[in-house]
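Some notes on the structure that comes next.
There are 2 protein chains.
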Amino acid sequence: MSQHIVVIGGVALGPKAACRFKRLEPGSTVTMIDQSSMISYGGCGIPYYVSGDVSDAVQLCQTSFHMTRDPQFFKDVKGVDVQVLTRATRIDRDNKRVEVENVETGEKASIDYDKLVIATGAAPRKLGLPGEDLEGVNYVANPGDATCIRESISKGQVGKAVIIGAGFIGLEMAEAYADMWGVETSVVEIMDQIMPRLVSPALATMGQKHMEENGVNFYFGETVERIEGKDGRVTRVVTSKRTLDADAVIISAGVVPNSDIAKEAGLYVHERGGVYVDEFMRTNDPDIYAGGDCCIVKNLVTGADAFLPLGSMANRQGRVIGTNLAGGNARFDGVVGSFVVKLFETSMAGTGLSLESAKQSGFDAMSVLLIQQDRAHFYPTKELMTLEMVVNKANRRVLGVQGFGSSGDAMVGRINAVAAILKSGPTIDDISNMELAYSPPFAAAMDILNTLANLADNALLGINRGVGPDGFKELWDKRDQDACFFLDCRENADAVPYMERNPEFWHNVPQGEIYNRLDEIPTDKPIVLVCNTGARSYEAQIMLTEKGYKDVTNIHGGMASIKKYGVDL
Amino acid sequence: MSQHIVVIGGVALGPKAACRFKRLEPGSTVTMIDQSSMISYGGCGIPYYVSGDVSDAVQLCQTSFHMTRDPQFFKDVKGVDVQVLTRATRIDRDNKRVEVENVETGEKASIDYDKLVIATGAAPRKLGLPGEDLEGVNYVANPGDATCIRESISKGQVGKAVIIGAGFIGLEMAEAYADMWGVETSVVEIMDQIMPRLVSPALATMGQKHMEENGVNFYFGETVERIEGKDGRVTRVVTSKRTLDADAVIISAGVVPNSDIAKEAGLYVHERGGVYVDEFMRTNDPDIYAGGDCCIVKNLVTGADAFLPLGSMANRQGRVIGTNLAGGNARFDGVVGSFVVKLFETSMAGTGLSLESAKQSGFDAMSVLLIQQDRAHFYPTKELMTLEMVVNKANRRVLGVQGFGSSGDAMVGRINAVAAILKSGPTIDDISNMELAYSPPFAAAMDILNTLANLADNALLGINRGVGPDGFKELWDKRDQDACFFLDCRENADAVPYMERNPEFWHNVPQGEIYNRLDEIPTDKPIVLVCNTGARSYEAQIMLTEKGYKDVTNIHGGMASIKKYGVDL
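Chains A and B are the protein sequences, given in the same order.
Numbered by this note's numbering, the letters in the first sequence go through residues 3 to 571 in order.
Numbered by this note's numbering, the letters in the second sequence go through residues 3 to 571 in order.
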């Protein structure tokens, strides 16, 4: 039986659902409407168009083989009818009809549906700031924004840029401005770190430091109070603490689901926006599906409602909807919250809960931090990777893993491997024994993920007791109070430069000599153990503990993480 | 209560078990014996030492911070006593004692144990060939072999090398000879492809072609009959079909577990060698553990016994044994069989079962092949990745995924993500909806793994009916018989070169024009559809099927895979 499907929204989920359905039911018809003239673009690519990595904005609207995804394309290639510049104004569920109007002419019409898909997406969060509408102030939402932003750079109008918000898009835009165009770029963030809640302060600081080395300035814990301009064009951003000159301002303070039309139609919507759907992506009206950035999803680690606007998720959900429109029973159960972002020559990635979000979710959680080469240490090309694992202390369940590494694919591959099992509630032991393909050009014999879980295991066992580079900094900052004994347990040559710079505070006994040189290690004050990465100092900790030392702290990540974190030693 | 642990074998598993145990029970003692003078080396690094990527053989015996793992190191740093050049000749279980002899002096002794670890590893399979003992004929097993092989290259003695066996080590050695030293290198393999049973003929051919482009010659389906020499040094390899000149010969025909000592002690051993252990890595003697290359493991996909000599597995098993020696209950349940190997600028990786091994294991299996960019198609740096998914038709269970891609980490990351869930028996749908971290520099919005599962779904649904590049070649080779109509459904400009070269056989109707040009497509013969990767031809297949065409075959992987496979069009 032939059906007519109406899809509201022509980006990511909408086209995916429409095309999947048409492939399953070629004899049915699909009408997809969008209020914009641009549809089916890769919005996630905008920072790379701004940077110049993507040379032409049309590439964001093309298939992998250079066909532009415009209404004619959808008609000829996909068999989907598209009406652009068409805004849905009301869903009339009783009559199974969508009321629409043409955004240019104001002409009204209605479209009957057998089944409806709400794919209205999300809109950039507006901050309600004075000056938000000045020329040169942009969001990063659609190809129009992208063109506008890049044109002003190309014209040489932008010497200084201010980014509001240090989330994914803000950081990607900061890189685009600073890296490719040499624009003096500042990021203002209300919280006290980049990527708040997503990664720990230690990882965030490593990423921040790398971006600072590439010319990006950060101002944390500051709110933007107003944006000032001259002759209608932005000139300054005034924060709670300072005034920053700006020829361009990017507001990247998150997005808000476009769910009003669903709410007005009586569909269940979260109090802060976002349509509720079941595991088949159906709303409370069995003839109406919804998905993508306008929806609420279930966090499979916490079981709580979540809002996760991601193009990848929208695509997967779109296929589920397309299948179910055609009578299938495909499921989308929820998300674990995986992410990755490139930051110049590095990347930050994660899945599941950070320590902060785990605690906020009520878990009695802890985390451990590990730094290790991303492949066999004897293999010539290798990079350090830092991973942090968050664990529920009560039952050894792994709640999340986050990391900071090179801009290659090695780290995100590990994150994806953890993500694959995260919803099934893995324990430390599952990751300690995870089987990762091994060959020296790709991994260490004991992969960093295995070692990370082993570290968590040893921490819970109480035999590897330590803190990360942020904990080290706290202890080191109080070195004048003589509260700790800092013991470098590497070979002497490694320790000498630090002993020379800090003769009062930096001590050295190589780990292999500890039993013979115990008299050099005081028993009346806490010992802080440092080696290159935290592995030898762990062995030293076991030795000292065996010899009766009670208060010994191992610096997880050792000197390698301390350097990446940016402590001046 | 203090224990004395004896470990037979000082590479990979042995040291790992010994050191883990010592960290958990610093007050106990461990004696590790090895018949060689070299211990704890990274044998998997030998090809990279031969190639020159690793400059000094000692690096393979060093920690990541350049300490050499010799007996003194184990004593000082790990608290483990090591006796090298000491061969275990008998395990006296009744008296809990290992009888040993010094391999240089012949001196005999015995060592009492509370618990014993058998970590005797595996030995290269000898082929029993005439000439196997000639100078210049080597195995790839230990640093001695490595030094010997590299010295003869460095001295300029090697102009031509013959590798016997096209498994991991054979291929790595072929690359080492051909790439870094310009040696004329040939590989002789008794089976008809590289990496037999591990990957499909299609993937194997792609890898082979890349290696051939880098100067390696392959001779398949040939057995080596003898090795000939002059003045004690190798000069020729005689196969069942030809004679190859050779200044160096590498025998890499697999390894055989060293389990005789276990068998003689009455421990359960597989009929073809390999000690049986339970999930706690214990033999049938509760005081004797075993692990690593001398053991049998359980294949978690088939449930069958397996032999998988891999340094990574040995390390993870070693930790399990170390934990359990100290009274723990760590488990090692088995393997799914993940692997990766670098082949010049490409890599081959996989997990679980190939189609061939699935069928051999009794599964009614099928496979699909997909080629796709490894990140957003608009992102400037990207590479094509080919993945093949093997599925149990009866229940949609994914049995394995294998792939051929660049030498970066993108593909192995996907393989690891599948491997992470493979033992839990995932269905196609689990991978269709797998959450992979997304950002344009790292992935496509619909990740290649998602698309691969979607392809398998569509194949099982019967709406995407196709074959891979090997199937295309079979059809194309019979083109003179006029049995099929080859229809290129890309845009005209893409098809023209092929139409010009094959005017009788190559036809073109762009997919978007099919409904208007049906009269150009015959209804009386099978249609073979080709596009760039198999995606548009899938849409074309749906259109033609809707219009009543009965016999339409889609070429999975399209022209991209046909090119990598090496069909001359």
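Virtual Cβ for every residue (Gly too), placed ideally from N, Cα, C.
- Contact of B/S66 with chain A by beta-carbon distance below 7 Å involves Q375 and H379.
- Contact annotation: A/A14 and A/P311 have beta-carbon atoms that are not nearer than 7 Å.
- Chain B places no beta carbon closer than 7 Å to that of A/A90, leaving this residue out of the contacts.
- Annotated three-state conformation of B/D287 is coil, per DSSP.
- Closer than 7 Å to the CB of B/Y500 there is not a single CB belonging to chain A.
- Annotated three-state conformation of A/N394 is strand, per DSSP.
- Excluding its 5 nearest sequence neighbours in each direction, B/S154 has C-beta neighbours in its own chain below 8 Å: G138, V160, D249 and A250, listed in chain order.
- Non-local beta-carbon contacts of B/D114 in its own chain, meaning distances under 7 Å to residues more than five positions away in sequence, involve H6, K98 and R99 in chain order.
- Taking a C-beta distance under 7 Å as the contact criterion, B/N140 and B/I252 qualify as a contact pair.
- Shown in chain order are the members of the stretch 39-53 of chain B whose Cβ falls below 7 Å from a Cβ of chain A: G44, C46, G47 and Y50.
- For the pair A/E502 and A/A485, the Cα-to-Cα distance works out to about 20 Å.
- Under the DSSP assignment, B/K232 falls in the beta strand (DSSP E) whose first and last residues are V226 to K232.
- Within the stretch 73-89 of chain B, those residues whose Cβ lies closer than 7 Å to any Cβ of chain A are, in chain order, D78 and V79.
- Distance from A/V279 to A/A292 at the Cβ level is roughly 5 Å; contact confirmed, criterion being Cβ atoms closer than 8 Å.
- Within chain B, no residue has its beta carbon less than 9 Å from that of A/E191; the closest one is some 19 Å off.
- The beta-carbon separation of A/A20 and A/C296, rounded to 16 Å, does not stay under the 8 Å limit for a contact.
- For B/M283, the closest of B/R321, B/L246, B/G275 and B/I263 by C-alpha to C-alpha distance is B/R321.
- When 7 Å is used as the limit between beta carbons, A/A351 is near these residues of chain B: A439, in chain order.
- The straight-line gap separating the alpha-carbon atoms of B/M175 and A/D449 is approximately 23 Å.
- Under the three-state reduction of DSSP, B/I166 is assigned to strand.
- If you draw a straight line from the Cα of B/K162 to the Cα of B/G217, it is about 12 Å long.
- Taking a Cβ-Cβ threshold of 8 Å, the residues of chain A close to B/V343 are S441, in chain order.
- Between B/G12 and the set B/S112, B/I192, B/E227 and B/V119, the nearest pair of CA atoms involves B/V119.
- Close to A/V337, with beta-carbon spacing below 8 Å, are these residues of chain B in chain order: E437.
- Collapsing the DSSP output to three states places A/M413 in a helix.
- Think of a sphere of 7 Å around the beta carbon of B/Q61: the chain A residues whose beta carbon falls inside it are F380, in chain order.
- In terms of beta-carbon proximity, B/V414 lines the interface with chain A, with at least one pair separated by less than 7 Å.
- Two segments are said to touch when three or more pairs of C-beta atoms, one from each, lie closer than 8 Å; by this definition the stretch 448-463 of chain A does not touch the stretch 352-367 of chain B.
- At a cut-off of 7 Å between C-beta atoms, B/A422 counts as an interface residue with respect to chain A.
- In chain A, no part has a C-beta under 7 Å from the C-beta of B/M391; the shortest such distance is about 15 Å.
- Taking the C-beta atoms as reference points, A/L438 is found nearer than 7 Å to B/N418.
- If you draw a straight line from the Cα of B/L520 to the Cα of B/E541, it comes to about 15 Å.
- Taking each of A/I433, A/S57, A/V498 and A/F474 in turn and checking the Cα distance to A/R398, the smallest one comes out for A/I433.
- Residues of the stretch 295-314 of chain A with a Cβ closer than 8 Å to any Cβ of chain B, in chain order: L312, G313 and S314.
- Under the 7 Å criterion on CB atoms, A/E281 is classed as non-interfacial with respect to chain B.
- Taking a C-beta distance under 7 Å as the contact criterion, B/I298 and B/D289 do not qualify as a contact pair.
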